[in-house]
DNA sequence: TGTCGGCTTTGAGGTGGATCATTCATCAGC
DNA sequence: GCTGATGAATGATCCACCTCAAAGCCGACA
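Residue numbers (the UniProt record's numbering), protein chains in the order written: chain A, 1 to 249; chain B, 1 to 249.
#1: Excluding the five sequence neighbours on either side, which residues of its own chain have a C-beta within less than 8 Å of the C-beta of residue 106(A), listed in chain order?
#2: Over what stretch of residues does the beta strand (DSSP E) that includes residue 215(A) continue unbroken?
#3: Spell out the partners DSSP gives residue 114(B) in its beta bridges.
#4: When the cut-off is 8 Å and only beta carbons count, does residue 205(B) lie next to chain A?
#5: Spatial neighbours of residue 138(B) within its chain, please: CB distance less than 8 Å, with the 5 preceding and 5 following residues excluded, ordered by chain position.
#6: Shorter than 8 Å from the beta carbon of residue 68(A) to some beta carbon of chain B?
#7: Spatial neighbours of residue 193(B) within its chain, please: CB distance less than 7 Å, with the 5 preceding and 5 following residues excluded, ordered by chain position.
#8: If we ignore side chains and look at the alpha-carbon of each, how far apart do residue 236(B) and residue 215(B) end up?
#9: Helix or strand or just coil, what does DSSP make of residue 91(B)?
#10: Could you pull out every residue in the same chain whose Cβ sits closer than 7 Å to the Cβ of residue 189(A), ignoring the five residues on either side in sequence?
#11: Identify which residue in 133(A), 67(A), 104(A) has its Cα closest to the Cα of residue 114(A).
#12: Tell me whether residue 145(B) sits in a helix, a strand or coil according to DSSP, three-state version.
#13: With distances taken Cα to Cα, identify the nearest neighbour of residue 162(A) among 32(A), 51(A), 243(A), 63(A).
#14: For residue 84(A) versus residue 171(A), is the C-beta spacing smaller than 8 Å?
#15: Here's a check: name, in chain order, each residue in its chain whose Cβ is nearer than 6 Å to the Cβ of residue 177(B), leaving out the five neighbours to either side.
#16: Going by the DSSP bridge assignment, what does residue 67(A) pair with across the sheet?
#17: Would residue 24(A) and residue 64(A) be called neighbours here (beta carbons separated by less than 8 Å)?
#18: Can residue 72(B) and residue 89(B) be called in contact, C-beta distance under 8 Å?
#19: When the Cα of residue 20(A) is compared with those of 219(A), 135(A), 70(A), which residue comes out closest?
#20: So with CB distances below 9 Å, who are the chain B contacts of residue 162(A)?
#21: Less than 8 Å separating the beta-carbons of residue 56(B) and residue 122(B)?
#22: Report yes if the CB atom of residue 31(B) is closer than 8 Å to the CB atom of residue 134(B), and no otherwise.
#23: Could you check the C-alpha separation between residue 151(A) and residue 38(B) for me, to the nearest Å?
#24: Do residue 165(A) and residue 92(A) have their C-beta atoms within less than 8 Å of each other?
#25: Name, in chain order, the residues that DSSP records as bridge partners for residue 221(A).
#26: Got a sec? Which residues, its chain only, sit under 6 Å from residue 221(B) by beta carbon, not counting five neighbours each side?
#27: With H, G and I counted as helix, E and B as strand and the rest as coil, what does DSSP make of residue 100(A)?
#28: Determine, using beta carbons only, whether residue 131(A) comes closer than 8 Å to chain B.
#29: Are the beta-carbon atoms belonging to residue 241(A) and residue 80(B) less than 8 Å from one another?
#30: Give me the chain A residues within the contact set of residue 146(B), using Cβ-Cβ distance strictly less than 7 Å, ordered along the chain.
#31: Consider the Cβ of residue 135(A): report whether some Cβ of chain B lies at a distance smaller than 8 Å.
#32: Can you find the residues in the same chain that come closer than 6 Å, C-beta to C-beta, to residue 111(A), ignoring five residues on each side of it along the sequence?
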């Protein structure tokens with residue numbers, strides 16, 4: 001997390017392609033100094049994706065790795081009969097490329113217009129081998145993802161629908177605050193209700209109903225359909241942790 | 001997985017502490033050559049644990065890392081009201097120490113008499129920094145765990161109780177075959193029904209009933225209470241993947 | 001051999017969340 | 001303004017799985 005390593009981020013040469021990148025502060029490449037960053041940057045390119053379009057599909061050859069710089073990505077797995085599980089949502093600064101074997105384990109689709117840095121996996125791996133600090137950061141990212149996945153297992157295995165929804169909003173809020181380095185009660189929802197449902201192991205109807213319930217309990221408010229205001233963080237936290245003795249009538 | 005790297009495993013000095021270790025073939029330390037293995041070995045010690053006893057608890061300082069050499073470990077998370085999620089089961093060769101921050105994210109308890117190698121985290125981290133091949137193997141383990149966690153998320157979020165149980169047995173079988181480097185239709189269950197239930201997001205009663213159902217469908221057989229014989233691997237696989245049009249009456 | 005205690009199995013009944021169907025709101029195109 | 005498309009909210013019904021309770025089973029130990 002908090003890294004005190006000296007980096008030369010501010011004084012990138014004017015016109016450096018990474019110059020205006022908001023994501024670098026929290027991204028993998030944030031551990032690189034200016035020259036290494038330039039070298040890495042030259043190994044790959046960028047990619048733009050419009051909402052709803054797939055970056056890759058489950059089972060595709062994983063020939064590239066990605067860093068998200070703008071927008072949001074939805075990761076999904078499918079069962080043969082069409083049941084879908086959303087494995088997670090990726091935001092600027094998140095790395096997409098920790099795969100076992102050479103196939104993607106899930107499908108990645110853009111939720112809105114999205115920008116990414118893209119690197120051929122072989123070249124990226126070479127570069128990582130030559131930069132232990134990057135390798136260590138990659139490992140840290142993997143450990144972070146693993147911890148998140150384990151929290152999600154607890155959620156899916158043992159939490160009630162209301163607890164899941166509360167956890168979800170708090171998690172989104174935390175990620176957006178880390179990204180913007182600011183605190184705000186407002187949380188953007190770039191995904192639709194069905195995506196939330198498939199992420200939380202529920203149906204969109206349940207999400208809708210529970211949302212109404214949380215609103216009625218004054219725990220949150222819908223600013224627009226795709227932005228919530230968290231009105232009662234302690235209350236939501238208690239609910240999310242499973243400490244609430246159920247929702248009052 | 002399949003590593004063709006030349007290692008000198010067979011010709012360890014007689015009396016080397018790792019000489020008789022069955023786990024080394026699949027463990028982290030399997031990538032080290034003889035001298036490095038000896039060095040690592042001297043950094044730590046071993047620990048024995050009898051069934052039911054905890055290695056550490058959720059929230060404890062993560063001052064040590066472990067390698068399981070014998071037995072089995074159950075990893076759990078608790079909700080304040082007592083609901084429990086089993087995060088996974090660890091067997092010989094598995095590494096216990098991929099943590100974010102300095103606190104354990106789950107409790108680890110022995111299922112039966114269990115032996116581990118133990119290393120102080122600080123010294124282990126130092127050693128890893130000096131051995132890139134170990135660092136890479138550690139990353140591979142993390143990626144592997146992450147993939148497993150994601151598969152479990154799909155299971156918990158979208159699979160039926162029968163599909164979960166079938167997936168569980170197939171996964172256990174695969175892990176035991178990898179460990180013994182042999183194929184056997186028999187799968188040992190070092191954990192009790194309640195553990196299986198808490199792992200699969202079900203109740204012990206449901207596990208018990210579904211077990212009876214799978215038996216009746218001739219998909220498996222209980223050799224003893226703690227050992228199943230998988231009678232129909234294709235059938236179980238179809239069921240586990242969600243391809244079965246439900247269980248026949 | 002008996003009996004004690006823990007784990008597993010079985011049974012009966014309840015319910016949370018799913019499913020299906022409908023309604024409502026928003027928006028684009030004309 | 002009308003029409004059709006898309007996503008969200010809501011209502012009615014149902015079922016997979018849970019809860020609670022009571023055997024059944026088996027190893028441990030005297």
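Just so it is clear, CB atoms sit at the ideal spot from N, CA and C, and this is done for glycine as well.
A quick look at the data gives this:
#1: Within the same chain, residue 106(A) has close Cβ partners 58, 75, 76, 77, 87.
#2: First-last for residue 215(A): 204 to 216, but that is the alpha helix (DSSP H), not the beta strand (DSSP E).
#3: As DSSP reads the structure, residue 114(B) sits in a beta bridge with 49(B).
#4: At a cut-off of 8 Å between beta carbons, residue 205(B) makes no contact with chain A.
#5: Excluding five sequence positions before and after residue 138(B), the CB atoms of its chain that fall closer than 8 Å to its own CB belong to 28, 95, 98, 128, given in chain order.
#6: Chain B, which has no Cβ nearer than 8 Å to the Cβ of residue 68(A), makes this no.
#7: If we look at residue 193(B) and ignore the five residues flanking it on each side, its Cβ neighbours are 204, 207, 208.
#8: About 11 Å.
#9: Residue state, collapsed to three classes: coil.
#10: Non-local beta-carbon contacts of residue 189(A) in its own chain, meaning distances under 7 Å to residues more than five positions away in sequence, involve 226, 227, 228 in chain order.
#11: That would be 67(A), whose Cα lies nearest to the Cα of residue 114(A).
#12: DSSP places residue 145(B) in helix when its eight states are reduced to three.
#13: Taking only the C-alpha atoms, the option nearest residue 162(A) is 243(A).
#14: No, the pair does not count as a contact, with Cβ atoms beyond the cut-off.
#15: Closer than 6 Å at the Cβ level, and outside the excluded window around residue 177(B), lie 183.
#16: Answer is 95(A), 117(A), bridged to residue 67(A).
#17: At least 8 Å separates the beta-carbon of residue 24(A) from that of residue 64(A).
#18: Yes, Cβ-Cβ distance for residue 72(B) and residue 89(B) is below 8 Å.
#19: Comparing alpha-carbon positions, the option among 219(A), 135(A), 70(A) lying closest to residue 20(A) turns out to be 70(A).
#20: Those within 9 Å of residue 162(A) in chain B number zero; the least Cβ separation is about 13 Å.
#21: In this structure, residue 122(B) does not lie closer than 8 Å to residue 56(B) by Cβ.
#22: In this structure, residue 134(B) lies closer than 8 Å to residue 31(B) by Cβ.
#23: Cα-Cα distance, rounded: 37 Å.
#24: Not in contact: residue 165(A) and residue 92(A) (Cβ atoms no closer than 8 Å).
#25: According to DSSP, residue pairing for residue 221(A) in a beta bridge involves 229(A).
#26: Taken in chain order, the residues that qualify are 229, 231.
#27: Here residue 100(A) sits in coil by DSSP.
#28: Answer no: the Cβ-Cβ gap between residue 131(A) and chain B never drops below 8 Å.
#29: Yes. Within cutoff.
#30: Here the neighbours are 98, 142, 145, 146, 149.
#31: Interface criterion met: the Cβ of residue 135(A) is under 8 Å from a Cβ in chain B.
#32: Excluding residues within five positions, the ones whose Cβ falls inside 6 Å are 72, 74, 190, 191.
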